[in-house]
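So the structure is just underneath, and the comments pick up after that.
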Amino acid sequence: MNLMQMMMSPIITLIMMTLMPKDKKRMMENMSTLSSILILMQTMYLHMDNNHQIKAITLLFSSNTETNNMTMTTHQLCMDTLSTSLMMLTSMLMLTSMLMSKKTMYHTHKKLFMCLFTITMTLFLTLTTSSLMMFYIMFESSMMPLMMMMGLWGSRKEKTRATYYFLLYTMMGSLPLFITILIMNNKLGTFNTTTLQNMEIHTHTQQQLFMGLFLAFAMKTPLIPWHSWLPLAHVEAPAMGSVLLAGMLLKLGTYGFIRFTTPMLTNLSKYTSPMMMIMSMLSMWLASINSLRQNDMKRMMAYSSMAHMGMITAACFSMNPMSKKGAMMLMLSHGLTSSALFALVSFLYERHKSRLMKNFQGMSYTTPMLSTLIMMTTLAHMSTPGSMNFMGEYLCLLGLWELHPSMTMTSTMGMMMSTAYLLLLYIQITSSKPTTYTKYKMYDLSLNETQAILTLTMPNMTLGLMPYPMM
1 MNLMQMMMSP IITLIMMTLM PKDKKRMMEN MSTLSSILIL MQTMYLHMDN NHQIKAITLL
61 FSSNTETNNM TMTTHQLCMD TLSTSLMMLT SMLMLTSMLM SKKTMYHTHK KLFMCLFTIT
121 MTLFLTLTTS SLMMFYIMFE SSMMPLMMMM GLWGSRKEKT RATYYFLLYT MMGSLPLFIT
181 ILIMNNKLGT FNTTTLQNME IHTHTQQQLF MGLFLAFAMK TPLIPWHSWL PLAHVEAPAM
241 GSVLLAGMLL KLGTYGFIRF TTPMLTNLSK YTSPMMMIMS MLSMWLASIN SLRQNDMKRM
301 MAYSSMAHMG MITAACFSMN PMSKKGAMML MLSHGLTSSA LFALVSFLYE RHKSRLMKNF
361 QGMSYTTPML STLIMMTTLA HMSTPGSMNF MGEYLCLLGL WELHPSMTMT STMGMMMSTA
421 YLLLLYIQIT SSKPTTYTKY KMYDLSLNET QAILTLTMPN MTLGLMPYPM M
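full-length UniProt numbering applies: residue 1 is where the sequence shown begins, and numbers increase by one.
Here you go:
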């Protein structure tokens, strides 16, 4: 098993689905589910392979210059623990999306599955490329299928406006990244990140590159004040769109900080570290306060994601190996738990066409399985000991304490606020007096829905108790 074989799996599936007739819906569904399971197994195997750090595939592309000489531009697809962990997360989210769509979007399976496999393929290339230009192309390509999903299968009337917002902020984030890559190639003569990390870059050039990279990745994360697109996108996106957006696409911003910004611009990252951490803490606090004010469960989860991403960003700029390891674990664990919560909220919306907490009071009396899974996911999301979220936050705070004890106290208080709004959510929808709807019309999870949630919650609990594979 190697990286090329795994990369070919979503491509082959896309080709087969393109050639398959639209009326073969059951066959298409089975093939897509089996392909997603196969891709998940491949990513797990690659992650557990002890030699994956040294494996690489070199793709050579030639281009003619003004002279008669031929120049060779090398693009490497490489793996390390961070990339394979996020590839596993992508595979789990894809399988969850497949299971979620079996009931709700049966009539649009072909287009939907093609969007899902396209996102998977572009994300895999984004996470493994060592070329900044290839990263930019795949980085932006991964947003296009999600935009289509939001516009075609959005849940409410404002889905078009949400799609425009998403497109606008995506383009705003893309422009500084593209300009930065062009400046980098013009002044340093290469796109290869390994080469760039070993270069001595002039301070003025570092400042130009840092501003472009930070703006691009801060909009994708997102940090306040570049966040206004996220709540609207989550509210209007279909269930699978919210799962993929919260689970993986937001992680591309912090992935960029870990992979490109801090290794290539180490000196400037150290110098600006206090300012970046203050901005991250401010984003975490404001997002947590906004979460406490929400009645719509999807908006609450959207602001909750922003709060956790603020914590991850602070750990990225701590320039401490322990905090960076915690940030990597928290990226994976947050991707699992936040996606599971968005999936559970979408199941509630399918039953009552509402996302207001007051409409689901007393659910535990009539839907024991749904209530139990909400409890498990909520406990994991607020970093209860035994969950992977706890391990990630513990390492983040431990690394921060060595450098900035005051920042550690501030971030700890911010994470305690996340416990407050998650407990509020759980108590209000499960332990209150049942409404007429929940008492007589609410029904429990189906087998597919239960499998979709367990696909995300079980790995989180397992890796929380045995975190060695992620270390």
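Idealized CB from N, CA, C, for every residue including glycine.
- The region 203-210 makes no contact with the region 294-312; the number of CB pairs closer than 8 Å stays below 3.
- The beta carbon of T118 lies closer than 6 Å to those of P145 in the same chain, with the five residues before and after it left out.
- Residue pairing by DSSP places T129 opposite L77 in a beta bridge.
- By the beta-carbon neighbour count (other beta carbons within 10 angstroms, threshold 16), P10 is buried.
- Distances from the alpha-carbon of A327 to those of M388, I179, M417, S35 put M388 closest.
- For H404, there is no enclosing alpha helix (DSSP H), as DSSP marks it with neither H nor E.
- Nearest neighbour of L38 by Cα position, chosen from K25, T160, T13, M48, turns out to be T13.
- Of the other Cβ atoms in all chains shown, fewer than 16 fall within 10 Å of the Cβ of I427; this residue is therefore exposed.
- Assignment of L223 by DSSP, reduced to helix, strand and coil, places it in the coil class.
- For the pair S383 and H204, the Cα-to-Cα distance works out to about 41 Å.
- Contact annotation, T266 with S364: C-beta distance approximately 51 Å; criterion of less than 8 Å not satisfied.
- Within the same chain, Q361 come within 6 Å of T435 by CB-CB distance, once the 5 residues on both sides are set aside.
- For L3, the secondary structure class from DSSP, reduced to helix, strand or coil, is helix.
- According to the DSSP secondary-structure assignment, L282 is paired through a beta bridge with no residue.
- Here L265 carries a coil assignment [DSSP, helix/strand/coil].
- The C-beta distance from G256 to F217 rounds to 4 Å, short enough to fall under 8 Å.
- Straight through space, the alpha carbons of G464 and M329 are spaced by roughly 10 Å.
- For N389, the three-state secondary structure derived from DSSP is helix.
- For the region 175-211, the full-length alpha helix (DSSP H) segments reaching 4 residues or more read 193-197 along the chain.
- Residue pairing by DSSP places L356 opposite D296 in a beta bridge.
- If the five residues before and after F139 are omitted, its C-beta is found closer than 7 Å to the C-beta atoms of T126, L252, all from its own chain and listed in chain order.
- In the structure shown, the three-state DSSP call for Y443 is coil.
- A straight-line Cα-Cα distance of about 14 Å links T337 and L249.
- At the C-beta level, T450 and M369 come within 8 Å of one another.
- In the DSSP assignment, P145 falls within the alpha helix (DSSP H) that extends over 143-153.
- Looking at the backbone, the Cα of F390 and that of N192 are separated by about 35 Å.
- In summary, R355 is buried, with 16 or more beta-carbon neighbours lying within 10 Å of its beta-carbon over all protein chains present.
- Boundaries of the alpha helix (DSSP H) harbouring M376: 368-381, taken from the DSSP string.
- Taking a C-beta distance under 8 Å as the contact criterion, C78 and S141 do not qualify as a contact pair.
- If the five residues before and after T18 are omitted, its C-beta is found closer than 8 Å to the C-beta atoms of M114, all from its own chain and listed in chain order.
- Of the candidates I15, T455, M281, the residue whose Cα lies closest to the Cα of M31 is I15.
- Check the Cα spacing between M148 and each of L292, N198, M240: the tightest is with M240.
- Around M309, the same chain offers T221, L250, T254 as residues with beta carbons nearer than 7 Å, after the five sequence neighbours per side are excluded.
- Considering only T84, K111, N185, L99, the residue with the shortest C-alpha distance to L132 is N185.
- Between M281 and I312, the CB-CB gap reaches or exceeds 8 Å.
- Secondary structure note for E158: it is in no alpha helix (DSSP H), with a DSSP letter that is neither H nor E.
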